[in-house]
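Residue numbers for the sequence shown follow the numbering used here, beginning at -17 and rising by one.
Cβ atoms here follow ideal geometry from the backbone N, Cα and C, with glycine treated the same way.
All figures in this text were calculated on a predicted structure; none of them were measured in a lab.
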Amino acid sequence: MSSATTSCWTTSAAETARIAPRRTGAAWLLPFVFLLAACAPEPEVWRFEGATMGTTWHVTLVDPPAGLAREAAAAGVEGALERVNAQMSTYRADSEVSRFNRAAPGEWFAVSADTAAVVATALEVHQGSGGAFDITVGPLVDLWGFGAGSKATDRVPSDAEVAAAAARVGSDALRVRADPPALFKSADREIDLSAIAKGFGVDRAALWLEGNGVANYMVEVGGEVRTRGRNPQGEKWRIGIEAPELLQQGHAIAAVALSGESVATSGDYRNYFEAGGRHYSHTIDPATARPVEHALASVTVVAPDCKSADALATAIDVLGPDKGLAFAERENLAVYLLVRAGAGFESRHSPAFAPFLGTAAAKETP
Ligand code: ADP
Ligand code: MG
């Protein structure tokens, strides 16, 4: 009896663990799924992965619909991600965003409905965060050595250089319209969708799957995740939040349990440089035109869609632990913070985050 029970169960941990190299985009959400295969019929599980937007992506499907071929599902996800990259990458000179960045101010510039929707969300988060989230920070991102147009020099720019770049920053000069979709700038501005486009790519891939009848999935691009339905063991999807200092071991400090929601993380310990004993993050505070300086190591946001989760995580990363948590509570956002405290970290979360905080072993009640 006991041997029968034992042979019916197999366990394998850490389905995916990625360590993204410095300067290639953060990915410290660690999707981990504990596979417990009981005697019940095993669900069909498909896994796909690849590279996009300077980082990696992973997709898991459970019990895909009968009419969907494996190759078609992989091609659908890849196609959705490629489309977003072609629309929004500043690493591609021919993307809509790169062409808008080169266009003269003062005229409406036609873009896809997708790009207009992403910019509309970016402007909403800009307003909501009191300007902390600003997709026009590109000149400062480049100046500090983190952008598509910059080399990683690990050099602290002069005050005059910072002032000159800051003069070209400000989302107040941007407008967006949905019909027909177009962008407008009233002054010299470039947009950088790095802090929101990965999340939107996740949404697009997820919506392709939903449109093709997939009821259970986890889509992840560079640490930003969207879920639906159940994981291979019939439970909610569990996404680990990495502990900054234990990065090399892929150690998760906490887990969120999701079914139908998205999660995104921003932080300052993946993509940074050090000079003169100081730590310079790739997140720029538009108010100071300098990399953020506070004790917040990472912020994780759960939201209905991944585009919003991604943008809000960056916004709160700019605001810092105190203003960021106050913003989350005011807006009823589900937010989890890891704050540096002495030699370690302290976690804080908003009330709306509590329902998602689970342990890896927690069982779901139907
Ligand atoms: P990651 O790319 O590491 O997942 P984020 O989603 O937080 O992290 O995006 C960080 C990127 O966003 C930076 O590399 C930069 O291109 C851009 N960025 C930096 N500061 C801001 C800001 N205040 N508002 C919007 N985008 C920003
Ligand atoms: Mg972001």
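{"Asked": "By how many angstroms is the C-alpha of residue 211 removed from the C-alpha of residue 197?", "Found": "6 angstroms"}
{"Asked": "Is it right to say residue 261 is buried, meaning 16 or more other beta carbons lie within 10 angstroms of its own, or is it exposed?", "Found": "exposed"}
{"Asked": "Using 8 angstroms as the threshold, is the C-beta distance between residue 33 and residue 46 below it?", "Found": "no"}
{"Asked": "From residue 83 to residue 162, what distance separates their C-alpha atoms?", "Found": "19 angstroms"}
{"Asked": "Under the criterion of a Cβ to heavy atom distance below 7 angstroms, does residue 296 qualify as lining the ligand MG?", "Found": "yes"}
{"Asked": "Provide the residue span of the alpha helix (DSSP H) that contains residue 298, from first to last.", "Found": "288 to 312"}
{"Asked": "Could you give the DSSP three-state label for residue 70: helix, strand or coil?", "Found": "helix"}
{"Asked": "Is it the case that the CB of residue 103 approaches a heavy atom of the ligand ADP more closely than 7 angstroms?", "Found": "no"}
{"Asked": "Within 10 angstroms of its Cβ, does residue 75 collect 16 or more other Cβ (buried), or is it exposed?", "Found": "exposed"}
{"Asked": "Roughly how many angstroms lie between the CA atoms of residue 141 and residue 116, to the nearest whole one?", "Found": "21 angstroms"}
{"Asked": "Would you call the stretch 284 to 292 in contact with the stretch 189 to 209, where contact means no fewer than 3 C-beta pairs closer than 8 angstroms?", "Found": "yes"}
{"Asked": "Counting along the chain, where does the alpha helix (DSSP H) carrying residue 108 start and finish?", "Found": "95 to 110"}
{"Asked": "Output the distance between the C-alpha atoms of residue 313 and residue 268, rounded to the nearest integer angstrom.", "Found": "21 angstroms"}
{"Asked": "In three-state DSSP terms, what is residue 123?", "Found": "helix"}
{"Asked": "Quick check: is any heavy atom of the ligand ADP less than 7 angstroms from the C-beta of residue 265?", "Found": "yes"}
{"Asked": "Residue 68 to residue 94, Cα distance in whole Å?", "Found": "11 angstroms"}
{"Asked": "Per DSSP, which residues does residue 33 bridge with? Please list them.", "Found": "38"}
{"Asked": "Buried or exposed for residue 168, please, with buried defined as at least 16 other CB atoms from any protein chain shown within 10 angstroms of its CB.", "Found": "exposed"}
{"Asked": "Just to confirm before moving on: does the CB-CB distance between residue 315 and residue 329 stay below 8 angstroms?", "Found": "no"}
{"Asked": "Relative to the ligand ADP, is the shortest distance from any of its heavy atoms to the C-beta of residue 244 smaller than 7 angstroms?", "Found": "no"}
{"Asked": "Within 10 angstroms of the Cβ of residue 270, are there 16 or more other Cβ atoms? Answer buried if so, exposed if not.", "Found": "exposed"}
{"Asked": "In this structure, does DSSP put residue 56 in helix, strand or coil?", "Found": "helix"}
{"Asked": "Between residue 164 and the rest of its own chain, which residues show a CB-CB distance below 8 angstroms, the 5 nearest in sequence each way excluded?", "Found": "90, 91, 92, 93, 98 and 158"}
{"Asked": "Give the secondary structure of residue 136 by DSSP, where H, G and I count as helix, E and B as strand, and everything else as coil.", "Found": "coil"}
{"Asked": "Output needed for residue 125: all residues of its chain with C-beta closer than 8 angstroms, excluding positions within five of it in sequence on either side, in chain order.", "Found": "132, 139, 143, 144 and 147"}
{"Asked": "At a cut-off of 7 angstroms, is residue 123 close to the ligand ADP when judged by its beta-carbon and the heavy atoms of the ligand?", "Found": "yes"}
{"Asked": "Identify the continuous beta strand (DSSP E) that holds residue 330 and give its terminal residues.", "Found": "326 to 331"}
{"Asked": "Roughly how many angstroms separate the alpha carbons of residue 15 and residue 166, rounded to a whole number?", "Found": "Its pLDDT being 46, under 50, residue 15 is placed unreliably by the model, and nothing is read from it."}
{"Asked": "Looking at the strands, I want to know which residues DSSP matches up with residue 164.", "Found": "92 and 159"}
{"Asked": "With DSSP as the reference, label residue 174 as helix, strand or coil.", "Found": "coil"}
{"Asked": "Can you give me the start and stop residues for the alpha helix (DSSP H) that residue 349 sits inside?", "Found": "With the chain covering only -17 through 348, there is no way to say anything about residue 349."}
{"Asked": "Please report the straight-line C-alpha distance between residue 3 and residue 77, rounded to a whole angstrom.", "Found": "At residue 3 the pLDDT is 29, less than 50, meaning the model places this residue with poor confidence and gives no usable figure here."}
{"Asked": "Quick check: what's the CA-CA separation for residue 299 versus residue 282?", "Found": "9 angstroms"}
{"Asked": "Say the cut is 7 angstroms; is the CB of residue 248 nearer than that to a heavy atom of the ligand SAH?", "Found": "No copy of the ligand SAH occurs in the structure displayed; its ligands are the ligand ADP and the ligand MG alone."}
{"Asked": "Inspect the beta-carbon positions of residue 221 and residue 237 and report whether they are closer than 8 angstroms.", "Found": "yes"}
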